[in-house]
Amino acid sequence: TTAQMAEYQCACCKVPCAACESNFELEDLNDPATAASSINSRMSELTDPSKATQFYSSGSANSASFGPENVFNEMTKFMVPVCLSQSSCAAPVVNTTTAGVRSYVYSPTPNQPWKFAWDILATNAAVPQQIKDSIANDFTFMAMSVETCPYHERYCIPFPGIAFKEGSLGQCIPKVDSGIAAMIGEGFADALTGAGEQALRLLDANSGVFGELMSTMDAFCVVFFFSFVIGLVFLVLLRFLVGCVVWFSVFLVTFAFAFGG
Numbered sequence: 203t204t205a206q207m208a209e210y211q212c213a214c215c216k217v218p219c220a221a222c223e224s225n226f227e228l229e230d231l232n233d234p235a236t237a238a239s240s241i242n243s244r245m246s247e248l249t250d251p252s253k254a255t256q257f258y259s260s261g262s263a264n265s266a267s268f269g270p271e272n273v274f275n276e277m278t279k280f281m282v283p284v285c286l287s288q289s290s291c292a293a294p295v296v297n298t299t300t301a302g303v304r305s306y307v308y309s310p311t312p313n314q315p316w317k318f319a320w321d322i323l324a325t326n327a328a329v330p331q332q333i334k335d336s337i338a339n340d341f342t343f344m345a346m347s348v349e350t351c352p353y354h355e356r357y358c359i360p361f362p363g364i365a366f367k368e369g370s371l372g373q374c375i376p377k378v379d380s381g382i383a384a385m386i387g388e389g390f391a392d393a394l395t396g397a398g399e400q401a402l403r404l405l406d407a408n409s410g411v412f413g414e415l416m417s418t419m420d421a422f423c424v425v426f427f428f429s430f431v432i433g434l435v436f437l438v439l440l441r442f443l444v445g446c447v448v449w450f451s452v453f454l455v456t457f458a459f460a461f462g463g
């Protein structure tokens, strides 16, 4: 409908509206074949492990939108930290032959203002089949098995070209895979890894206070409870013994003056 089209254009900042601060400068795809081809070339760099090197190359189909620098500089935006059931930081192998491999088909979260447009394109009979096929197939990611990553599939998708190294406190720090590093150069790979480490340090610095509060919450509750009980008992005893305490203090002070001459 006209109202839905206006809502979609506003959600994607295709027209000036209150929800937008700037234009996304997205490529305008004029026909279904071009849209399907463009989507396939971009998404395959992220969903097909055999094409990971293309994402890090200068000819990447995603270079106009984002690249490796964006991923590492904003690592906490593109990646989610999880705990894996393994003792080393070796990146798990995930491909079509991996035992227990899962799949995750992307769909916008319900709070996205353009989700309704996505659902229409994916299911409406009037939408060209090439677009529906692209949505159904090109946005399917391979995820680690539940034994390796005991979370929902969306949190267990390895990012292409990412390996890990030992960090502090048993953490595994993302780094550029050695094969990718050989292709793009060790200097560039080290710069990307350093940017990722800086992003993680900023996250730790910002969440450190809340993390410490949560880790000591049990001790905080115990101290709060006993402080309340002891304070209440003290007030009750003071109510009945305040006279004795006052007179004892007076006699003690008088005795001290008398004894001291």
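Sequential numbering from 203 applies to the sequence shown in this note's numbering.
By construction, the Cβ of each residue, glycine as well, lies at the ideal position given by its N, Cα and C atoms.
Where residue i falls: helix, strand or coil (DSSP)
{"i": "F341", "result": "coil"}
{"i": "V303", "result": "coil"}
{"i": "P218", "result": "coil"}
{"i": "A365", "result": "strand"}
{"i": "C212", "result": "helix"}
{"i": "C358", "result": "coil"}
{"i": "C446", "result": "helix"}
{"i": "C374", "result": "strand"}
{"i": "S240", "result": "helix"}
{"i": "S287", "result": "coil"}
{"i": "E399", "result": "helix"}
{"i": "A383", "result": "helix"}
{"i": "Q314", "result": "coil"}
{"i": "A458", "result": "helix"}
{"i": "S429", "result": "helix"}
{"i": "S260", "result": "coil"}
{"i": "D233", "result": "coil"}
{"i": "P294", "result": "coil"}
{"i": "M346", "result": "coil"}
{"i": "P270", "result": "helix"}
{"i": "C423", "result": "helix"}
{"i": "T418", "result": "coil"}
{"i": "P352", "result": "coil"}
{"i": "N275", "result": "helix"}
{"i": "E247", "result": "helix"}
{"i": "E388", "result": "helix"}
{"i": "S252", "result": "helix"}
Presumed contact (8 Å Cβ cut-off) between residue i and residue j, rounded CB distance
{"i": "I333", "j": "A238", "result": "7 Å"}
{"i": "V284", "j": "C374", "result": "V284 to C374, Cβ: 10 Å. No contact."}
{"i": "F361", "j": "F280", "result": "7 Å"}
{"i": "N245", "j": "L402", "result": "Looking at the sequence itself, residue 245 is Met, so the reference to Asn does not match. Rounded, the Cβ-Cβ distance is 27 Å, inconsistent with contact."}
{"i": "Y258", "j": "I337", "result": "That pair is no contact at about 26 Å."}
{"i": "P310", "j": "A213", "result": "That pair is no contact at about 10 Å."}
Proximity test, residue i beta-carbon vs the ligand FAD heavy atom, cut-off 6 Å
{"i": "K317", "result": "Among the components of this structure there are no ligands whatsoever, and the ligand FAD is therefore not found."}
Distance, residue j Cα to residue i Cα
{"i": "L248", "j": "P270", "result": "12 Å"}
{"i": "N326", "j": "A365", "result": "40 Å"}
{"i": "G363", "j": "G369", "result": "19 Å"}
{"i": "A397", "j": "S267", "result": "19 Å"}
{"i": "D233", "j": "L286", "result": "43 Å"}
{"i": "V436", "j": "V444", "result": "Just to set this straight, residue 436 is Phe in the shown sequence, not Val. Their Cα atoms are separated by approximately 11 Å."}
{"i": "A460", "j": "S451", "result": "14 Å"}
{"i": "H464", "j": "Y306", "result": "The chain is shown from 203 up to 463; residue 464 falls before or after that span and cannot be answered."}
{"i": "E399", "j": "L439", "result": "57 Å"}
{"i": "I241", "j": "S380", "result": "28 Å"}
{"i": "A293", "j": "P251", "result": "13 Å"}
{"i": "M344", "j": "A221", "result": "34 Å"}
{"i": "P218", "j": "S224", "result": "8 Å"}
{"i": "T255", "j": "F427", "result": "58 Å"}
{"i": "P376", "j": "K367", "result": "6 Å"}
{"i": "S289", "j": "F274", "result": "24 Å"}
{"i": "V282", "j": "C215", "result": "27 Å"}
{"i": "C446", "j": "L434", "result": "19 Å"}
{"i": "A384", "j": "T236", "result": "33 Å"}
{"i": "A328", "j": "C291", "result": "48 Å"}
{"i": "D340", "j": "S243", "result": "9 Å"}
Is it a yes or a no for the stretch 301-311 touching the stretch 336-349, going by three-plus beta-carbon pairs under 8 Å? Yes: at least three Cβ pairs fall under 8 Å.
Does the contact criterion of 3 or more C-beta pairs under 8 Å hold for the stretch 390-399 versus the stretch 420-440? No, the stretch 390-399 is not in contact with the stretch 420-440.
Do the stretch 206-216 and the stretch 315-322 touch if we need at least three Cβ pairs shorter than 8 Å? Touching, yes, given that three or more Cβ pairs across the two stretches are closer than 8 Å.
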